[in-house]
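>
Chains as they are written, first to last, in our numbering: chain A, 51 to 319; chain B, 632 to 938.
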């Protein structure tokens, strides 16, 4: 250790209040996935493009949706939204479980960050990751089929609300899980089936009536359908209904998430 | 106002085998500017007590405050006043040393803190590692970063939970010099350690925990004076005669036996002689903190809690 030059600690100027430190945690969470963006952004873009190539190749020309929309054009917004949702979930859940397992969550636990700060930062970073991947998928797939934007506000609302909901859900999963397997189970047995059965690859109007009704119980269906409405100006159900369902689901998930953070569920013993 | 106050703190964990009482009615204060030691065997409740203080765990009953701020009701104010060096060697593999320190500072709402971060890096011998990724650091260097992270928001109260476990001699020395200087400059220090000679050398006051209860709490000098016993130390190649075993502490060839007066020393030597043992390097010394600790943990002396 070098010669002691510690100044007699002057009073520290610290930001206080319920949101103090939020921007640092948000910055850290964004930096975390950005440092490994090959894995967190480029890889999911490649996956989505493979889906487009395979399904688009097989089904283009055989199916038209909403009257005149070609299958590949129909598929693109579905894939974009699916990537947004899955990556928003992956970001908060994997960050939290990694910190829990490696033990570095202690740095957050000893800090004065409020449960609101945790919530906003983790969910905010999930939205950033979801949007980054979604834009990446769009940028690559847009060259495969004509796509125009009917109403950007619907696109914006469903992107942000969907990503926020999945970020909050990922946070809940990360709090609950004690090992990586449990996160993987959550992802493989809940998130994947719900996204795949939400109408990413097909219009629910083409399903038998029973399955159409079942699809209507899946909140993911409304996120995808509402998002598509922003592109085509038409959808399986009214975008206002989708907005209502998505907003209500988002509110419920956020309330549960904030409650768990406030009581320190499985992180403060 | 005490720097840290524990009032009737209890902690019960539920486990598969029923409830485990980790802390039982723990009460004591640590004054501002003190260098305070918290000792006890593994499982005595030291880390649980520190976890409650740091907000990592919640007390089942009682109250803990840092400079008057309740760690549960007023947690943000309490945590801004305390810096905790955790026991486990944890780090975030995504960041460099400087990034980790800037981020930790930001969590406490302290932005633009680079001047202080540079000073911490220099004082902890980390200046040339500032841009190295955390993964590239040796264990000792990671430990230094943990200390820097705990101090980055300039807390008046510093808590070190076994900071020298598995640390080489050089780092132990430099760490203690640094912490002792922080204490001299007015910081309150709470330390748990297994190295009793460290506690004896550094801590003005000591509390000992056993099975979740405070069994001794006094000035270090008073604890040492309280035993008033002498230690007979020698080396022995043969097994110790059974008659001497109950009061002996054996570390390899080294044997230490409590002897209260000259007559007791004589009788111990007589027993050794009768058993055909030939003690080497025989010396008589004063009891140290380790002897006091062992005596208290064996429950030979009544709880010693200074009023």
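For every residue, glycine included, the Cβ atom is placed at its ideal position computed from N, Cα and C.
Taking residue 865 of chain B as part of the alpha helix (DSSP H), name the residues at either end of that continuous run.
For this step, residue 865 of chain B is matched to residue 234 along the second chain. Run containing residue 865 of chain B: none in the alpha helix (DSSP H); it sits in the beta strand (DSSP E), 861-866.
> Among all the DSSP beta bridges, which residues are the ones paired with residue 764 of chain B?
Counted from its first residue, the second chain places residue 764 of chain B at position 133. Looking at the DSSP assignment, residue 764 of chain B forms a beta bridge with B:727.
> Residue 279 of chain A touches chain B at which residues, Cβ-Cβ below 8 Å?
Mapped onto the first chain, residue 279 of chain A falls at position 229. The contacting residues do not exist; residue 279 of chain A stays about 38 Å from chain B at best.
> With DSSP as the reference, please indicate the residues paired to residue 819 of chain B in a beta bridge.
Translated into positions along the second chain, residue 819 of chain B becomes position 188. Paired residues: B:788.
> So is residue 90 of chain A in contact with chain B if we call contact Cβ pairs under 7 Å?
Start at 1 with the first residue of the first chain, and residue 90 of chain A comes out as number 40. No, no contact with chain B.
> In chain order, what residues of the same chain lie with their CB nearer than 6 Å to the CB of residue 54 of chain A, ignoring the 5 residues before and after it?
Here residue 54 of chain A refers to the residue found at position 4 when the first chain is read from its first residue. Only weak support is given to the placement of residue 54 of chain A: the predicted model assigns it a pLDDT of 43, under 50, and the question is left unresolved by the model.
> Any beta carbon of chain B sitting closer than 7 Å to that of residue 163 of chain A?
Here residue 163 of chain A refers to the residue found at position 113 when the first chain is read from its first residue. Chain B contact via Cβ: present.
> What are the boundary residues of the beta strand (DSSP E) that includes residue 915 of chain B?
Numbered from 1 along the second chain, position 284 holds the residue referred to as residue 915 of chain B. From DSSP, the beta strand (DSSP E) with residue 915 of chain B extends over 911-917.
> Under three-state DSSP, which class holds residue 808 of chain B?
Translated into the one-based positions of the second chain, residue 808 of chain B becomes position 177. Correct three-state label for residue 808 of chain B: helix.
> Compute the beta-carbon to beta-carbon distance between residue 282 of chain A and residue 200 of chain A, rounded to the nearest angstrom, for a pair I have assumed lies under 8 Å.
Locating residue 282 of chain A in the first chain gives position 232, counting from the first residue. Locating residue 200 of chain A in the first chain gives position 150, counting from the first residue. About 6 Å; that satisfies the 8 Å criterion.
> Among the residues of its own chain, which have a CB less than 7 Å from the CB of residue 867 of chain B, if the five just before and after it don't count?
Numbered from its first residue, the second chain carries residue 867 of chain B at position 236. Closer than 7 Å at the Cβ level, and outside the excluded window around residue 867 of chain B, lie 884, 886, 908, 910.
> According to DSSP, is residue 658 of chain B part of a helix, a strand, or is it coil?
If you number the second chain from 1, residue 658 of chain B lands on position 27. In the three-state scheme derived from DSSP, where H, G and I count as helix and E and B as strand, residue 658 of chain B is classed as strand.
> Does the beta carbon of residue 137 of chain A come closer than 7 Å to any beta carbon on chain D?
In summary, chain D is missing from the structure at hand, where the protein chains are A and B.
> Determine, for residue 622 of chain B, whether the minimum Cβ-Cβ distance to residues of chain A falls below 7 Å.
This structure does not reach residue 622 of chain B, given that chain B is present from 632 up to 938, and the question cannot be answered.
> Considering only residues of the same chain and omitting the five flanking positions on each side of residue 110 of chain A, which have a CB-CB separation below 7 Å?
What you label residue 110 of chain A is simply residue 60 of the first chain in a count that begins at 1. Once the five neighbours on either side are set aside, the close Cβ partners of residue 110 of chain A are 120, 121, 122.
> Hey, is residue 749 of chain B's beta-carbon within less than 7 Å of any beta-carbon in chain A?
The residue given as residue 749 of chain B occupies position 118 in the second chain. It does not; no Cβ of chain A falls within 7 Å.
> Does any CB atom of chain A fall closer than 7 Å to the CB of residue 725 of chain B?
Here residue 725 of chain B refers to the residue found at position 94 of the second chain. Closer than 7 Å: yes.
> For residue 694 of chain B, report the span of its beta strand (DSSP E) as first-last.
For the purposes of this step, residue 694 of chain B is taken as residue 63 along the second chain, with counting starting at 1. It spans 692-697 - the beta strand (DSSP E) in which residue 694 of chain B sits, taken as one unbroken run.
> Can you tell me whether residue 804 of chain B is buried or exposed? The criterion is at least 16 other CB atoms within 10 Å of its CB, across all chains shown.
In the second chain, the residue the question calls residue 804 of chain B occupies position 173. Taking all protein chains shown into account, residue 804 of chain B has fewer than 16 neighbouring C-beta atoms within 10 Å of its C-beta and is therefore exposed.
> Using a Cβ-Cβ cut-off of less than 9 Å, list which residues of the stretch 694-719 of chain B approach chain A; keep chain order.
706, 707, 708, 709, 710, 711, 713, 714, 715, 717, 719
> Kindly list, in the order they appear in chain A, the residues whose Cβ is closer than 9 Å to that of residue 767 of chain B.
Here residue 767 of chain B refers to the residue found at position 136 of the second chain. Going along chain A, no residue has its Cβ under 9 Å from residue 767 of chain B, so there is no contact; the nearest lies around 15 Å.
> Give me the residue from A:88, A:102, A:291, A:294 with the minimum Cα distance to residue 179 of chain A.
The residue labelled residue 179 of chain A in the question sits at position 129 within the first chain. Ranking the options by Cα distance to residue 179 of chain A, first place goes to A:88.
> Only counting the same chain, and skipping five residues up and downstream in sequence, which positions put a Cβ closer than 6 Å to that of residue 183 of chain A?
Position 133 of the first chain holds residue 183 of chain A. If we look at residue 183 of chain A and ignore the five residues flanking it on each side, its Cβ neighbours are 91, 94, 133, 137.
> Chain B partners of residue 65 of chain A, CB-CB under 8 Å?
In the first chain, the residue the question calls residue 65 of chain A occupies position 15. The answer, in chain order, is 740, 741, 742.
> Alpha carbons only, please: which of A:262, A:192, A:255, A:315 is nearest the one belonging to residue 49 of chain A?
Any answer about residue 49 of chain A is impossible in this case: the structure gives chain A only from 51 up to 319.
> Helix, strand or coil for residue 735 of chain B? Go by DSSP, reduced to three states.
The residue you call residue 735 of chain B lines up with position 104 of the second chain. Three-state result, residue 735 of chain B: helix.
> Determine the burial state of residue 289 of chain A: buried for a count of at least 16 other Cβ atoms within 10 Å of its Cβ, exposed for fewer.
The residue labelled residue 289 of chain A in the question sits at position 239 within the first chain. Flag for residue 289 of chain A reads buried.
> Using the three-state DSSP reduction, which class does residue 904 of chain B fall into: helix, strand or coil?
As a first step, residue 904 of chain B is located in the second chain; it is residue number 273 there, counting from the start. Here residue 904 of chain B sits in helix by DSSP.
> Within 7 Å of any Cβ in chain B, is that where the Cβ of residue 316 of chain A sits?
Translated into the one-based positions of the first chain, residue 316 of chain A becomes position 266. No, residue 316 of chain A lies away from the interface with chain B (no Cβ there is under 7 Å from its Cβ).
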